[in-house]
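Participant: Residue numbers (my numbering): 41 to 400.
Where a beta carbon is used, it is the ideal one built from N, C-alpha and C, also for glycine.
A single structure is presented below for examination.
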């Protein structure tokens with residue numbers, strides 16, 4: 041019996057255990073436990089189906105070998121040999137698929153996210169590029185059928201945004217977007233540049249796995265809450281009520297402001313949602329750094345200040361520095377066509393995990 045089959049058997053045993061537990065009245069009455077087990081059930085169900093198919097293929101291989109040993113009819117023997125060849129090919133193909141399937145998934149991968157875009161070096165041009173990236177991600181998410189909601193937005197004086205944050209809901213959102221965290225650099229001639237010189241500006245992207253109350257506990261006494269009047273760019277849309285909310289997490293000093301909603305209650309809910317996710321992300325970064333050190337990762341280092349990608353407009357080039365990928369399709373990428381980049385990063389991460397023996 042192969043090691044791969046033994047691993048599938050162990051996982052299938054866990055699937056059977058979880059299948060029983062989620063029907064237990066005691067578990068059903070404990071919502072937090074039920075939600076976690078139900079999530080695990082759905083993840084294990086995929087491997088359970090593969091296990092059944094793989095077991096069937098192995099069984100057929102053994103049957104074909106027995107027939108070949110004992111069969112005397114020449115025509116029937118040839119048929120059995122041909123069938124055995126097909127089955128071995130199918131098994132070899134499944135072996136590779138199962139190796140990838142058994143790569144440990146980060147527990148955050150299935151979560152929804154909060155994306156924060158902030159202008160860095162480059163002044164007005166950086167703000168304009170925040171707007172460009174916001175449009176790029178919005179188009180990408182529309183194509184995938186994900187639901188987005190703007191949480192905060194601070195407009196720039198010459199266009200774009202000083203910062204913008206938005207939530208994204210869908211299937212395995214964090215597992216797809218986590219590679220976007222880091223510094224995105226743009227090289228182009230700004231509209232305000234009279235000499236035609238290429239400038240370099242930067243935008244920081246943070247992708248926060250959306251944390252639930254069961255993921256991280258925040259004590260009420262650890263939060264300082266302030267309310268103030270919200271306003272748009274240049275003092276426009278000034279509210280006459282104190283609807284904007286600022287939350288300060290005293291132990292860490294993390295500050296979150298929200299003034300997009302019209303009501304103080306709505307803004308307080310959104311601010312808490314962002315605060316919880318930022319605190320949870322700090323734990324995720326810590327784990328990523330440990331994992332990256334173990335396997336010398338180039339894909340996920342946990343360093344959100346690292347320059348990860350350059351968008352060069354004069355050459356129509358986009359380069360991801362982590363894996364040395366360069367594509368000359370900048371126009372398409374800015375229209376939301378970034379699947380090739382994200383898929384390449386996924387493959388690189390899975391390769392790292394396989395080479396590091398994380399499936400042993």
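Beta-carbon separation of residue 100 and residue 117 under 7 Å?
Facilitator: no
Participant: Can you give the beta carbon distance from residue 47 to residue 142, rounded, assuming they're within the 8 Å contact cut?
Facilitator: Their Cβ separation, rounded to whole angstroms, is 6 Å, which keeps residue 47 and residue 142 in contact under 8 Å.
Participant: If you compare alpha carbons, which of 284, 72, 199, 369 is closest to residue 252?
Facilitator: 72
Participant: If we require 4 or more residues per run, which alpha helix (DSSP H) segments fall completely within the region 345-374?
Facilitator: 370-373
Participant: Need the endpoints of the beta strand (DSSP E) that residue 287 sits in, please.
Facilitator: Following the DSSP letters along the chain, one finds residue 287 inside the beta strand (DSSP E) bounded by residues 284-289.
Participant: Check whether the Cβ atoms of residue 58 and residue 89 lie closer than 7 Å to each other.
Facilitator: no
Participant: Looking only at its own chain, which residues have a Cβ that is under 6 Å from the Cβ of residue 294, when we skip the five neighbours before and after it?
Facilitator: 318
Participant: So who's on the other strand from residue 423, going by DSSP bridges?
Facilitator: Since the first and last residues shown for the chain are 41 and 400, residue 423 lies out of range.
Participant: Taking residue 175 as part of the alpha helix (DSSP H), name the residues at either end of that continuous run.
Facilitator: 164-184
Participant: Can you give me the Cβ contacts of residue 321 inside the same chain, cut-off strictly under 6 Å, excluding the 5 residues immediately before and after it?
Facilitator: Contacts found: 248.
Participant: If you draw a straight line from the alpha carbon of residue 53 to that of residue 87, how long is it in whole angstroms?
Facilitator: Roughly 11 Å separates the two Cα atoms.
Participant: Between the Cα of residue 129 and the Cα atoms of 97, 368, 176, which residue gives the shortest distance?
Facilitator: Closest option to residue 129, Cα to Cα, is 97.
Participant: Alpha carbons only, please: which of 370, 269, 242 is nearest the one belonging to residue 346?
Facilitator: Minimum Cα distance to residue 346 is reached at 242.
Participant: By DSSP, does residue 154 sit in helix, in strand, or in coil?
Facilitator: strand
Participant: Please classify residue 85 as buried or exposed, where buried requires at least 16 neighbouring CB atoms within 10 angstroms.
Facilitator: exposed
Participant: Quick one: Cα of residue 326 to Cα of residue 228, how far?
Facilitator: 35 Å
Participant: Mind listing, in chain order, the continuous alpha helix (DSSP H) runs of no fewer than 4 residues lying wholly within the region 48-99?
Facilitator: 65-68
Participant: Check this for me: beta carbons of residue 191 and residue 206, under 7 Å apart or not?
Facilitator: yes
Participant: Are the Cβ atoms of residue 193 and residue 208 separated by less than 7 Å?
Facilitator: No. Outside cutoff.
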